[in-house]
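**Q** Please find one structure pasted underneath; my questions will follow.
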Amino acid sequence: MKRMILLLAVLVLVLSGCGAKTNNETSSTGDGASTTNNGASTTKSWTKAPEMTIDKTKSYLAHFKTTKGDFTVELYTKDAPITVNNFVFLANQKFYDGIKFHRIISDFMIQTGDPTGTGAGGPGYNIEDELKNGHTYEDGILAMANTGKPNSGGSQFFICTGPRAVTILNSNPKYSIFGKVKDGMDIVTAIANTPVAESSDGELSLPTEDVRIKSITIEEK
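According to mature numbering (1 follows the signal peptide of the UniProt record, and there is no 0), the stretch in the sequence shown is residues -20 to -1, 1 to 201, in order.
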């Protein structure tokens, strides 16, 4: 399946979906998950979204370690519990470890969370949208990517890094906001400033440097 392209100018940038599948070899793990051998690494996938396991009365921080440096995100547990629960689940499963930032537009956003690195991968399931939760798009905001259709998010997410995110996304909010960078925005900016080339669809967003998530550690407070 071809990656979704946004209609209104840059709006499509953030929305490449998780709906495409590849003909990779999979094997059951016996716990509702499967492991996929894509020739380079082994990635878990599941047949349904995770059960609610976070404590909605507590606060959660996500500590990112990347090849460009470290930053911390405050997760909006009360305002986006389904999305936060999904993110915490995937982080604790080490799903994001080693995944690259596959789409970078310096004055808009940095996107990651796809184990295939193509913009079309995901965890094997989708989650519900949590829109109109009281937050707006601004620098440092963490939000889910999707295919452009309702309830089509999975594992891909983006962090807003510039004025186009503010003007474009707030005029048509389709992506669940579930956190904001608390510390280390300079690292996020450094990632956003990674040199890019044209992608296969002509968008100037394909990083020419390999920038990856080393790990995401969840802290419950």
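By construction, the Cβ of each residue, glycine as well, lies at the ideal position given by its N, Cα and C atoms.
Between which residues of its own chain and I157 is the CB-CB distance below 6 Å, once the five residues before and five after are set aside?
**A** By 1-based counting over the sequence shown, the position of residue 157 is 177. Excluding residues within five positions, the ones whose Cβ falls inside 6 Å are H115, I121, A123.
**Q** Does the count of Cβ pairs from the segment 185 to 201 and the segment 141 to 150 closer than 8 Å reach three?
**A** Verdict: no, contact absent.
**Q** Would you tell me roughly how many angstroms separate the C-alpha atoms of N66 and N152, rounded to the nearest one?
**A** Sequence index remark: in the sequence shown, residue 66 carries index 86 (1-based). Sequence index remark: in the sequence shown, residue 152 carries index 172 (1-based). So the alpha carbons of these two residues sit roughly 24 Å apart.
**Q** Of all the options H43, K28, A177, which has the alpha carbon lying nearest to the alpha carbon of M165?
**A** The sequence position of residue 165 within the sequence shown is 185, counting from 1. With distances taken between Cα atoms, M165 lies closest to H43.
**Q** Just tell me which of P130, K201, E199, T174 has its CA closest to the CA of I90.
**A** Residue 90 sits at position 110 when you count from the first residue of the sequence shown. Ranking the options by Cα distance to I90, first place goes to T174.
**Q** Look at the Cβ atom of D163, then the Cβ atom of C140, and state whether they are nearer than 8 Å.
**A** In the sequence shown, the residue the question calls residue 163 occupies position 183. In the sequence shown, the residue the question calls residue 140 occupies position 160. For D163 and C140, no; Cβs fall outside 8 Å.
**Q** List the endpoints of the continuous beta strand (DSSP E) containing L41.
**A** As a working note, residue 41 is residue 61 in the sequence shown. First-last of the beta strand (DSSP E) with L41: 40 to 46.
**Q** Given 8 Å as the limit, is there contact between the segment 174 to 186 and the segment 55 to 64, that is, 3 or more CB pairs closer than that?
**A** No: fewer than three Cβ pairs fall under 8 Å.
**Q** So what's F137 in DSSP terms, helix, strand or just coil?
**A** Working through the sequence shown from its first residue, we reach residue 137 at position 157. Three-state result, F137: strand.
**Q** What are the start and end residues of each continuous alpha helix (DSSP H) run of 4 or more residues lying completely inside the segment 54 to 80, in chain order?
**A** 61 to 72, all fully within the segment 54 to 80.
**Q** Please give me, in chain order, every unbroken run of the alpha helix (DSSP H) with length at least 4 that falls completely inside the segment 140 to 197.
**A** Here the runs fully enclosed are 165 to 172.
**Q** If you draw a straight line from the C-alpha of L111 to the C-alpha of V53, how long is it?
**A** Here residue 111 refers to the residue found at position 131 of the sequence shown. Here residue 53 refers to the residue found at position 73 of the sequence shown. Using only the alpha carbons, I get a separation of about 19 Å.
**Q** Sorted by chain position, which residues of the same chain lie with C-beta nearer than 6 Å to E183's C-beta, five sequence neighbours on each side aside?
**A** In the sequence shown, counting from the first residue as 1, residue 183 sits at position 203. There are no such residues.
**Q** Between G159, G101, N150, Y117, which lies nearest to S132 when the distance is taken from Cα to Cα?
**A** Here residue 132 is taken as the residue at index 152 of the sequence shown, counted from 1. Measuring from the Cα of S132, the nearest candidate turns out to be G101.
**Q** Does the Cβ of S135 have 16 or more other Cβ atoms within 10 Å, making it buried, or fewer, making it exposed?
**A** One-based indexing of the sequence shown puts residue 135 at position 155. Counting Cβ neighbours within 10 Å, S135 comes out buried, since at least 16 surround it.
**Q** Output the boundary residues of the beta strand (DSSP E) element that contains I85.
**A** If you number the sequence shown from 1, residue 85 lands on position 105. Counting along the chain, the beta strand (DSSP E) containing I85 begins and ends at 83 to 85.
**Q** Quick one: what's L122 bridged to in DSSP?
**A** Against the sequence shown, residue 122 aligns to sequence position 142. The partner list for L122 (beta bridge, DSSP) reads I139, G159.
**Q** So I107 is in the beta strand (DSSP E); what residue range does that whole segment cover?
**A** The residue labelled residue 107 in the question sits at position 127 within the sequence shown. No beta strand (DSSP E) holds I107; DSSP gives it neither H nor E.
**Q** Compute the distance between the beta-carbons of Q73 and K28, then report whether it is under 8 Å.
**A** One-based indexing of the sequence shown puts residue 73 at position 93. One-based indexing of the sequence shown puts residue 28 at position 48. Against a cut-off of 8 Å, the Cβ pair of K28 and Q73 comes out as no contact.
**Q** Rounded to a whole number of angstroms, what is the C-alpha to C-alpha distance between V64 and T188?
**A** Stepping through the sequence shown from its first residue, residue 64 is reached at position 84. Stepping through the sequence shown from its first residue, residue 188 is reached at position 208. Using only the alpha carbons, I get a separation of about 31 Å.
**Q** Could you name the residues of the same chain whose beta carbon sits closer than 7 Å to that of K160, not counting the 5 residues immediately before and after it, in chain order?
**A** Counting from 1 along the sequence shown, the entry for residue 160 is found at position 180. So the qualifying residues of the chain are V53, E54, G120, I121, L122.
**Q** Who are the near neighbours of K48 in its chain, counting only those whose CB is closer than 7 Å to its CB and skipping five residues on each side?
**A** Stepping through the sequence shown from its first residue, residue 48 is reached at position 68. For K48, where only same-chain residues beyond five positions count, the Cβ hits under 7 Å are I167, A170, I171, V191.
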